[in-house]
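Notes follow the structure.
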Amino acid sequence: MVSVTHEATAVQVQARGAMQLEDLQDFVHHAYRYFEVGNDANTAREVLAQVLVKVTQAMQQANTVSVRGFRKYVYLPLEMSDVDDSNNMIMARNTHAVVKYVHDNLVDFEIDNAKAQYFVAKRYKDSGELLDALAALKAVLDLPAVDEVYTFKVHKQLVKVLLSLEDYPKVLEQYQQLLRLVTPETENFVDEWLSSILDRVSTLTDFSIRREFYAMTMKNEATNAAMGLKTTIQLARLHLEEKKFDELRDLLVELKDMCFTATGDVIDNKERYLLDIYTIQVQMYTVQDNRAGFDDVYPKTMTIHKDKRDPWVVGALQECCGKVALRDGVLDDAYDGYYSAFNIYDKESPRRVACLEYIVLVRMLQGSKLDPFNLPMVADMDVDNLKRLWNAYSSGNLEQFRVILNDQNNVALQDPSIHEHVDLLLKKVCGEQ
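For the sequence shown, counting from 1, position 296 maps to 340 in the numbering used here; every step adds exactly one.
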């Protein structure tokens, strides 16, 4: 392996070049996408020939940024810590030596241009260069004889890039094209990819766009029963967010019918979906303050095996338990429910921020001075207004506390689960009747 601080010797380069075929393919495909090789390179040697031209150009520059990201293919992991900007020229020359050795000595093989170009586009997407990613993905579709799997992958990434760009008319058009590719023969690998898109869609605040996605998915003739069930569950969650309870109740009945046999037994492999359905129903009853409904359905969620539960389900159930306990005035149980939900939800989930707000509310109702912002992973959360409220409370600045609590522009206080307890909070903290 090449030394970081010395020019490559023939023996060191040969050691790097003597890779197995699998390693060589990985090396060549990474070279293709990192150095942005043109589509006219159809073999490994042609790819590396273009890479050599680019590395040669880098060797003639004072700043060799263009080779730094490729260093892991030139140096041992232990050597990586020694790679810094003072080694730029040596790094470029060593990269050139390794690539040239591989180019001159490998047993040539054809490369999959679609695969290589696809990963070029992925690199753009992952680095946030969305317009470049869009162009690179479209370039893959212009290649001849792109296989079925990569055609679908490209369309999937196009949908995700357009979602990130918030170009909703185009994203709906692109999603329609994606659905046209779904066939009974492709459903084995397609379902998971469609699910990942719909999970992303479920975070959109534009409810009309979400409805369009769900309607298109359910109307698609090739959508199988499992994907139809998943999509209908997503639609039920949307109805819950919109508080369209009549539509939600009807949909929950329909969803349960999909999970039970005529004799009332749970259909094989439907337990997880049934747990999602029960969870949505528990959330609905919690929002409606329907204690009888909550007490009827919540125990049913406990009968589903733990391995069927995902973080969203467990977090949602714990959050509901916290809300019910808070309404009952059992503050310790309310805190436990919210704290559990906070830890369970994915760190990107907006419900995590909401649970932190509820934790702060409970702490103040308890009369506690224990700082809730000492919780793990709170430091990176955008909760300045909440901190101002807590600081006013903990310092005994009642005037500032009232001002913040009565601020109509405070988003946190617009949450119904907080707003319903504001009067009690003012009474406990400020002594107001």
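Positions of the beta carbon are idealized from the N, C-alpha and C atoms, including for glycine. The structure displayed is predicted, hence computed values, not measured ones.
Restricting to Cα atoms, I'd like to know which of D390, D424, E392 and A369 is closest to I403. A369
Beta carbon of T347, beta carbon of T323: below 8 Å? no
With 16 other CB atoms within 10 Å as the buried threshold, where does D320 fall? buried
Which residue comes first and which comes last in the alpha helix (DSSP H) that contains T267? For T267, there is no enclosing alpha helix (DSSP H), since its DSSP letter is neither H nor E.
Starting from M135, follow the alpha helix (DSSP H) in both directions and report where the run begins and ends. N132 to N149
Going by beta-carbon coordinates alone, are T261 and L242 separated by less than 8 Å? yes
Starting from D320 and walking both ways along the alpha helix (DSSP H), at which residues does that stretch end? Element bounds for D320: E315 to V331.
Verify whether the separation of the beta carbon atoms of V5 and Y168 is less than 8 Å. Since the displayed the chain opens at 45 and closes at 477, residue 5 lies outside it and no answer follows.
Determine contact between the stretch 374-382 and the stretch 434-449, defined as no fewer than three beta-carbon pairs at a distance below 8 Å. Short answer: they don't touch.
Helix or strand or just coil, what does DSSP make of M45? The predicted model places M45 with a pLDDT of 46, which falls under 50 and marks its position as unreliable, so this point remains unresolved.
Give the C-beta separation of A378 and G359 to the nearest angstrom, bearing in mind that I take them to be a contact with Cβ-Cβ under 8 Å. Between G359 and A378 the Cβ distance is about 15 Å, and since that is not below 8 Å, they are no contact.
Buried or exposed: where does Q161 fall if 16 or more other Cβ atoms within 10 Å of its Cβ makes it buried? Burial is judged here by how many other beta carbons sit within 10 angstroms of a residue's own beta carbon; Q161 has at least 16 and is buried.
Just how far apart, CA to CA, sit S438 and L284? 36 Å
Please state the DSSP three-state secondary structure of F251. It is helical.
Tell me which residues share the same chain as A266 and place their Cβ nearer than 6 Å to its Cβ, disregarding the 5 neighbours each side in the sequence. V226 and T227
Rounded separation between D148 and E154 - CA only: 16 Å
With H, G and I counted as helix, E and B as strand and the rest as coil, what does DSSP make of F79? coil
Any idea if M421 is buried or exposed, counting beta-carbon neighbours within 10 angstroms, 16 or more meaning buried? exposed
Could you give the DSSP three-state label for V374: helix, strand or coil? coil
Taking the alpha helix (DSSP H) that Y437 belongs to, which residues open and close that run? D428 to S439
Measuring only the C-alpha atoms, how far is D459 from Q278? 22 Å
Comparing C-alpha positions only, which one of F386, D390, F114 and H465 sits nearest to P416? F386
Hey, L207 and V215 are a contact pair by Cβ (cut 8 Å); roughly how many whole angstroms apart? 5 Å
Specify, as a first and last residue, the run of the alpha helix (DSSP H) that G411 falls within. Looking at the DSSP string, G411 is not in any alpha helix (DSSP H), and its letter there is neither H nor E.
Based on the DSSP secondary-structure assignment, which residues constitute the bridge partners of V397? DSSP output for V397 lists no bridge partner at all.
Just checking: is the beta-carbon of M421 within a distance shorter than 8 Å of some beta-carbon in chain D? Chain labels in this structure do not include chain D; a single protein chain is all it has.
Using three-state DSSP, classify T87 as helix, strand or coil. strand
Round the Cβ separation of L295 and T275 to the nearest angstrom and send it over; I've been treating them as touching at under 8 Å. Going by Cβ atoms, the distance from L295 to T275 rounds to 11 Å, so no, they are not a contact pair.
Assuming contact is defined by CB atoms lying nearer than 8 Å, are N157 and L181 in contact in what I supplied? no
Residue burial classification, E210 (beta-carbon count within 10 angstroms, cutoff 16): Exposed, because fewer than 16 other Cβ atoms sit within 10 Å of the Cβ of E210.
Exposed or buried, what is N86 when buried is set at 16 or more other beta-carbons lying within 10 Å of its beta-carbon? exposed
Going by DSSP in three states, V310 sits in which element: helix, strand or coil? strand
Going by the C-beta, is K413 closer than 7 Å to any heavy atom of the ligand NAP? Of the ligands one can find in the structure shown there are none, so the ligand NAP has no counterpart to examine.
Beta-carbon separation of Y78 and F114 under 8 Å? yes
Cβ neighbours of V111 in the same chain (closer than 7 Å, five flanking residues each side left out): V99, A102, M135, A136 and T139
Cα separation between A165 and D235? 23 Å
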